[in-house]
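Beneath this line is the structure, given in structure tokens, with notes to follow.
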């Protein structure tokens with residue numbers, strides 16, 4: 095894969111480049127300034143971009159802005175956003191465009207090399223990778239009637255992994271379950287929440303996220 | 012005898028050297044003085060027009076122009092005296108801009124500038140005119156032999172002396188030498204007198220009433236809070252984009268090591284090495300961050316020792332004159348100590364970076380009421396704000412304590428920075 099990195103911290107930028115090249119990927123550009131990001135994205139059209147939310151000059155959300163703008167111009171451009179902390183608005187803004195080829199992870203996750211690389215691959219292939227923290231926030235207990243309360247703990251786990259962007263085989267592997275039981279759990283979840291069962295894949299992720307977001311906004 | 016002769020020559024030389032700049036200053040001041048006279052008259056007209064309403068429209072513009080005119084003259088005087096001439100409170104970044112005339116500091120500025128305008132237009136103009144008249148007489152008499160014959164016979168050729176023959180012209184020329192000597196000796200003195208008197212008028216502190224004092228303390232307190240908030244944001248950013256991201260980088264390397272253990276064991280040693288390097292770099296930047304917040308040496312050993320350590324680490328050989336060498340110095344409030352510390356640190360950085368000095372001297376006096384810092388170097392001078400000196404930052408830091416900064420740096424040096432930080436409650 096051709097990967098573009100946008101990260102202002104030198105140690106982390108070098109580390110990411112080293113990790114990716116040692117995995118056989120090509121780092122086509124490593125950007126450290128927010129103003130350089132959009133031109134670089136449009137210029138290199140990488141297979142996937144790893145972008146820090148906060149970049150100079152303002153250290154606010156320059157990275158996210160550039161990524162959103164680049165995806166407006168090149169809709170299929172896969173972008174994995176890294177953030178130092180979970181900010182709900184960031185994820186919402188990214189997903190508002192489209193849930194294909196989008197990732198939003200805490201920076202800490204890059205320490206888990208396998209999971210990080212897997213998330214990157216998923217995003218590059220047009221999938222979704224949302225940080226468990228984001229999903230936790232979305233599923234957090236709230237006041238009033240909570241439709242999620244009807245789910246068993248196992249079904250909640252499956253729902254969370256679906257929302258993070260994992261497919262059925264991955265969910266089965268992560269929960270040490272057979273794929274057939276995962277399918278069964280998913281069927282129950284959609285029935286209990288009263289949602290039409292989507293035909294899997296990205297549409298399913300989107301449906302789950304939309305559902306959780308409407309719950310969270312209530 | 013011989014020594015005295017050399018002495019006199021040297022004195023004459025130095026007077027001659029000083030003459031052109033003094034003459035230039037006097038000329039400029041004569042021009043601005045006449046301008047001030049005209050401006051005073053125009054201001055009176057505007058005030059009179061206020062009675063019929065029209066003046067009220069012109070007044071804000073007139074006040075603004077007056078401020079600009081005084082500021083221009085401050086720079087003129089500052090260049091003459093080789094030190095910054097600054098109106099008290101003028102640089103106060105927190106003074107009211109929405110309703111300026113309600114701000115006592117703005118009113119002080121206005122009255123100070125008005126007093127100056129009147130004095131400069133009258134006494135100042137007269138002083139410069141006197142000095143320059145002396146010069147013109149000298150030229151007149153000196154050159155009399157060259158042109159007296161060209162004049163019509165019935166005209167007085169020279170003031171005070173009617174040149175109508177060669178002998179008189181010769182006398183005039185000889186007298187002209189005396190006149191010129193007098194002008195060379197007196198004009199620099201007059202120019203300095205004028206400049207010093209102007210500085211007094213242009214920087215005169217107002218008589219503060221208690222209400223004004225409270226007002227000033229209120230704005231300086233809000234300045235302190237602003238500075239504090241800005242400092243917190245800086246620290247947050249440094250932690251967030253520095254230390255925290257560095258730790259992520261370390262974690263990332265550890266992840267790679269774990270992966271290499273399974274797939275490429277021969278790479279592990281190399282990765283461990285680079286991980287350690289990354290950790291050390293992260294520690295170094297964390298140390299720098301801590302030093303920037305509150306230097307450990309300040310907390311542990313106090314201001315005197317901290318300043319001694321700063322001087323010892325300065326690239327330019329720096330002597331120290333620290334109070335309380337005999338016994339433990341009194342401890343000032345921590346915030347005031349930190350401000351004084353950063354003043355010295357910034358000043359020494361400037362000395363090392365910009366001054367070209369061969370030695371510097373840091374003097375520190377800590378009393379129960381104030382911390383006084385003086386940093387002096389023998390460099391090329393010409394230090395000014397806004398040339399990457401970090402001086403505006405210092406000003407803000409010191410303003411938060413209601414303290415004062417005084418920078419004198421004429422071209423050719425020496426540069427002296429004096430800072431007073433009150434710390435009595």
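Chains as they are written, first to last, in the working numbering: chain A, 95 to 312; chain B, 12 to 436. No residue lacks a Cβ here, since even glycine has one placed at the ideal position from N, Cα and C.
Nearest to residue 369 of chain B by C-alpha distance, out of B:280, B:329, B:149, B:377, is B:329. Taken through DSSP and simplified to helix, strand or coil, residue 198 of chain A comes out as strand. Runs of beta strand (DSSP E) with 3 or more residues, each lying fully within the region 274 to 305 of chain B, are absent. Counting other Cβ atoms within 10 Å of its Cβ, residue 158 of chain B stays below 16 and is therefore classed as exposed.
Counting along the chain, no alpha helix (DSSP H) covers residue 429 of chain B; the unbroken beta strand (DSSP E) around it starts and ends at 426 to 433. Counting only runs of 4+ residues, the alpha helix (DSSP H) found wholly inside the region 383 to 420 of chain B occupies 402 to 410, in chain order. For residue 265 of chain B, the chain A residues whose C-beta falls within less than 7 Å of its own C-beta are 205, listed in chain order.
The Cβ-Cβ distance between residue 222 of chain A and residue 204 of chain A does not fall below 7 Å. Look at the beta carbons and you see the region 43 to 50 of chain B not touching the region 90 to 100 of chain B: under three pairs across the two are nearer than 8 Å. By a beta-carbon distance limit of 8 Å, residue 355 of chain B does not contact residue 327 of chain B. Their separation comes to about 13 Å.
Around the C-beta of residue 62 of chain B, fewer than 16 other C-beta atoms lie within 10 Å, and the residue is accordingly described as exposed. Using a Cβ distance threshold of 7 Å, residue 114 of chain A and residue 121 of chain A count as a contacting pair.
At a cut-off of 7 Å between C-beta atoms, residue 105 of chain A counts as an interface residue with respect to chain B. The straight-line gap separating the alpha-carbon atoms of residue 168 of chain A and residue 184 of chain A is approximately 19 Å.
Residue-level contact by beta carbon holds for residue 109 of chain A and chain B, with a gap shorter than 7 Å. Per DSSP, the unbroken beta strand (DSSP E) holding residue 100 of chain A starts and ends at 96 to 100. Residue pairing from DSSP places residue 224 of chain A in a beta bridge opposite A:198. Residue 40 of chain B sits in a helix when the DSSP states are folded into three classes. In chain order, 327, 329, 362, 388 place their CB closer than 6 Å to the CB of residue 371 of chain B, counting only its own chain and leaving out the 5 sequence neighbours on each side. Taking 7 Å as the upper bound on Cβ-Cβ separation, chain A lies near residues 289, 292, 293 of the region 282 to 304 of chain B. Boundaries of the beta strand (DSSP E) around residue 375 of chain B: 371 to 377.
For the pair residue 28 of chain B and residue 34 of chain B, the Cα-to-Cα distance works out to about 11 Å.
Counting only the Cα atoms, residue 200 of chain B lies some 27 Å from residue 51 of chain B.
Residue 225 of chain B carries a helical assignment under DSSP once its states are collapsed to helix, strand and coil. Within a 10 Å sphere around the beta-carbon of residue 131 of chain B sit 16 or more other beta-carbons, which makes this residue buried. Taking CB atoms only, residue 279 of chain B has no neighbour in chain A less than 7 Å away. In the DSSP assignment, residue 187 of chain A falls within the unbroken alpha helix (DSSP H) covering 182 to 191. Relative to the Cα of residue 151 of chain B, the nearest Cα in the group B:425, B:172, B:177, B:324 belongs to B:172. When 7 Å is used as the limit between beta carbons, residue 177 of chain A is near no residue of chain B, the shortest such separation being about 11 Å.
The DSSP-derived three-state label of residue 49 of chain B is helix. Any Cβ of chain A closer than 7 Å to the Cβ of residue 260 of chain B would place that residue at the interface, and such an atom is present. Looking from the CA of residue 246 of chain B, the closest CA among B:153, B:386, B:233, B:301 belongs to B:301.
Within 7 Å of the CB of residue 248 of chain B, the CB atoms of chain A belong to 153, in sequence order along the chain. Boundaries of the alpha helix (DSSP H) harbouring residue 209 of chain A: 207 to 218, taken from the DSSP string. Per DSSP, residue 329 of chain B lies in no alpha helix (DSSP H); the unbroken beta strand (DSSP E) holding it starts and ends at 329 to 333. Selection B:214, B:394, B:80 evaluated against residue 96 of chain B yields B:214 as nearest (Cα-Cα).
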